[in-house]
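Going by UniProt numbering, the sequence shown opens with residue 1, and the numbers climb by one from there.
Ideal Cβ positions, reconstructed from N, Cα and C, are used throughout, including at glycine.
All of these numbers come straight from a predicted model, not from anything done at the bench.
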Amino acid sequence: MSDLYSLGFKGQVFTPSSPEYDSARDRYPKNAVLKPSYIVQPTSAQDVPLAIKFALSQNPPLEVAIKGGGANPYPASSSDGGLVIDLGNLKAVKVADDKQSVSVGGGALWSDVYTETDKHGVVPVGGTVHFLGVGGVILAGGYSHLSGRHGLAVDNVLQATVVLADGRVVITNETEEPDLFWAIRGGVNQFGVVTELVLKTYPLPGPMTTGALVYPGTELQNVLAAWHNHLDNHHPSTKMMLVCARTPPDFRPSLLVLPYIENNATLPDSVLAPFRELAQPSFESFTTVNSFLAVSHAGDQTLIDAPPRLHISGALISDLWDDVFSQAFDSWTQFTEDEAFRGSVLLWEFPHRDKVAEKKVEDMAFAAREKHYFFVVNARYTLATEEVKAVEWASDLAGLVRKAQVEKTGKSLITPASFALNPQTMMPEGIWGSNLPRLRELKAKYDPQKVWSKGWVIEPDLRL
Ligand SMILES: Cc1cc2nc3c(=O)[nH]c(=O)nc-3n(C[C@H](O)[C@H](O)[C@H](O)COP(=O)(O)OP(=O)(O)OC[C@H]3O[C@@H](n4cnc5c(N)ncnc54)[C@H](O)[C@@H]3O)c2cc1C
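Have a look at this one:
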């Protein structure tokens with residue numbers, strides 16, 4: 001540890017003997033909590049090369065992990081025995097004088113961002129939940145409530161500051177170091193530590209309605225009919241989510257319709273009409289707010305009360321198919337009959353599809369540019385001994401939906417890294433598709449020694 005300070009490191013360092021070690025290594029999904037030998041919290045980008053140098057100078061060299069918000073259930077942001085670069089102190093947020101952009105520290109949470117941008121009446125395309133990290137969400141793609149109108153979060157990055165494996169601190173954008181700019185936008189943690197991002201901003205949309213309509217599982221066919229009606233009239237400013245969850249007090253299978261509606265673009269009552277007329281909700285509750293920070297807190301109750309371990313798996317889908325939905329619903333109903341997994345949920349998310357598909361696959365590393373919706377399995381559980389079962393079920397169910405996608409349309413879709421969190425169950429080709437060869441070339445350029453070796457690892461193409 002003293003070596004790190006003697007190198008000139010100015011931030012905080014935690015080791016297993018530090019009183020704050022357990023809180024420093026904590027994560028929202030408890031299955032992502034590992035036991036690093038060092039956790040370092042840089043105070044500036046200039047601290048980061050010193051942490052890398054220290055880790056690589058150990059004998060043997062230490063594994064290096066990068067932590068943004070630490071919300072990802074796959075523990076790529078931590079390490080057993082290695083060194084974690086925790087960016088939690090790099091969370092400054094500054095809206096530009098012309099309000100067209102915001103610069104954001106690589107360790108900021110979306111709550112840090114929205115707290116500041118709300119004050120200026122603007123919003124970037126960002127995470128839907130306040131405790132997610134800016135780095136992890138954007139570098140993997142970033143599906144937002146605003147994606148129907150403005151594309152993914154990664155489509156709205158103007159510039160980044162990246163600390164490379166060799167310690168250089170580089171500014172990258174469309175004209176400066178453009179290869180790196182291409183690679184980080186979808187390349188997750190594979191090209192360096194992103195210490196700052198500059199994001200395009202948009203005016204706040206005005207009043208926004210969020211909430212829930214709750215249906216008993218027996219209403220499934222009617223809810224699907226309402227859903228098709230909604231999709232036939234889908235406005236880009238509205239994003240709806242359909243969730244399968246067991247709700248108290250009786251924990252019977254339920255369907256939840258969770259809308260995000262921009263009131264200045266569409267009237268909530270007209271968006272919700274099919275969900276009230278074609279199906280019978282047993283309960284509904286809505287709130288209208290003017291702040292994106294408030295929108296990002298909409299799911300708090302369910303997310304905070306949920307069992308502490310989480311495994312996520314997912315698939316993109318070209319359409320909503322009733323038979324596939326029913327099959328997934330049946331699998332989920334059966335799996336959650338076991339009380340240990342009762343908190344598990346299925347999320348079917350329906351952002352308007354066109355804007356995301358306007359970009360081309362080759363525009364950046366993020367490769368999912370066919371028109372799509374997405375399906376995410378959240379296997380929730382409490383005990384580590386339940387992990388194998390949870391991972392197996394979630395992976396199988398996502399696999400079933402991926403297979404159905406191929407059977408229905410004749411083509412498979414990319415699975416973005418955010419929804420395919422387990423490198424053991426998905427090959428890099430499934431994440432990056434036809435962009436993988438170029439990513440491998442750029443890995444050889446920027447990280448030939450594979451210093452960034454956590455999670456989805458890109459093999460450097462060293463032939464050139
Ligand atoms: C409750 C919940 C809701 C979600 N909702 C959405 C959603 O609506 N839309 C969506 O797109 N995704 C969503 N996700 C997925 C989410 O985008 C990923 O889990 C994301 O990785 C979280 O980012 P993080 O920074 O908190 O994660 P971390 O665990 O800190 O990091 C995840 C990965 O990113 C890398 N990383 C993080 N920051 C940096 C950085 N600054 N520089 C380099 N590498 C970095 C890490 O090394 C790691 O590989 C959700 C996840 C959860 C748990």
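| Check | Outcome |
| --- | --- |
| Please report the straight-line C-alpha distance between residue 357 and residue 286, rounded to a whole angstrom. | 31 angstroms |
| Give me the Cα-Cα distance between residue 350 and residue 321, rounded to the nearest whole angstrom. | 13 angstroms |
| Comparing C-alpha positions only, which one of 390, 333, 325 and 54 sits nearest to residue 374? | 325 |
| May I ask you to report which of helix, strand or coil DSSP gives residue 86? | strand |
| Is any heavy atom of ligand 1 found at a distance shorter than 7 angstroms from the C-beta of residue 111? | no |
| Just to confirm my understanding: we take residue 438, look at its own chain, exclude 5 residues before and 5 after, and list those with CB closer than 6 angstroms. What are they? | none |
| Can you tell which of 261, 288, 225 and 266 has its C-alpha closest to the C-alpha of residue 279? | 225 |
| Under DSSP, the alpha helix (DSSP H) around residue 231 begins and ends at which residues? | 220-232 |
| Determine, using beta carbons only, whether residue 108 and residue 82 come nearer to each other than 8 angstroms. | no |
| Considering only the alpha carbon of each residue, which of 290, 160 and 124 lies closest to residue 202? | 124 |
| Does ligand 1 have even one heavy atom less than 7 angstroms from the beta-carbon of residue 290? | no |
| Tell me whether residue 13 counts as near ligand 1, meaning its Cβ is closer than 7 angstroms to at least one heavy atom of that ligand. | no |
| Identify which residue in 372, 239 and 139 has its Cα closest to the Cα of residue 195. | 139 |
| Just to check my reading of the structure: residue 34 and residue 80 have Cβ atoms closer than 8 angstroms, yes? What is that Cβ distance to the nearest angstrom? | 5 angstroms |
| Pop quiz: residue 154 and residue 366 are said to be a contact at Cβ under 8 angstroms. What is the actual Cβ separation, rounded to whole angstroms? | 5 angstroms |
| Taking residue 93 and residue 122 to be in contact with their CB atoms under 8 angstroms, please state how far apart those CB atoms are, rounded to whole angstroms. | Not quite, the Cβ-Cβ distance comes to about 12 angstroms (not below 8 angstroms), so this is no contact. |
| Is residue 454 near ligand 1, with its Cβ less than 7 angstroms from a heavy atom? | yes |
| Could you have a look at residue 403 and say whether DSSP puts it in helix, strand or coil? | helix |
| Since residue 410 is in the alpha helix (DSSP H), which residue starts that stretch and which ends it? | Per DSSP, residue 410 belongs to no alpha helix (DSSP H) and is neither H nor E. |
| Under DSSP, the beta strand (DSSP E) around residue 202 begins and ends at which residues? | 193-203 |
| May I ask you to list the residues that DSSP assigns as paired with residue 211? | 286 |
| Please name the residue, chosen from 130, 101, 99 and 97, that lies closest to residue 111 on a Cα-to-Cα basis. | 130 |
| How about residue 173: is its Cβ closer than 7 angstroms to a heavy atom in ligand 1? | no |
| What is the rounded straight-line gap between the Cα of residue 257 and the Cα of residue 199? | 30 angstroms |
| DSSP three-state call for residue 342: helix, strand or coil? | coil |
| For ligand 1, any of its heavy atoms closer than 7 angstroms to the Cβ of residue 435? | no |
| Classify residue 313 as helix, strand or coil using the three-state DSSP reduction. | strand |
| Hey, residue 240 and residue 230 are a contact pair by Cβ (cut 8 angstroms); roughly how many whole angstroms apart? | 6 angstroms |
| Does the Cβ of residue 296 have 16 or more other Cβ atoms within 10 Å, making it buried, or fewer, making it exposed? | buried |
| Please find out if some non-hydrogen atom of ligand 1 comes closer than 7 angstroms to the beta-carbon of residue 304. | no |
| Between the Cα of residue 434 and those of 363, 398 and 390, spot the shortest distance and give me the residue it belongs to. | 363 |
| Less than 8 angstroms between the CB atoms is what I'm expecting for residue 344 and residue 380, so what's the real figure, rounded? | 5 angstroms |
| For residue 47, which of 164, 9, 217 and 32 has the nearest alpha-carbon? | 9 |
| Quick one: what's residue 432 bridged to in DSSP? | Its beta-bridge partners do not exist; DSSP assigns none. |
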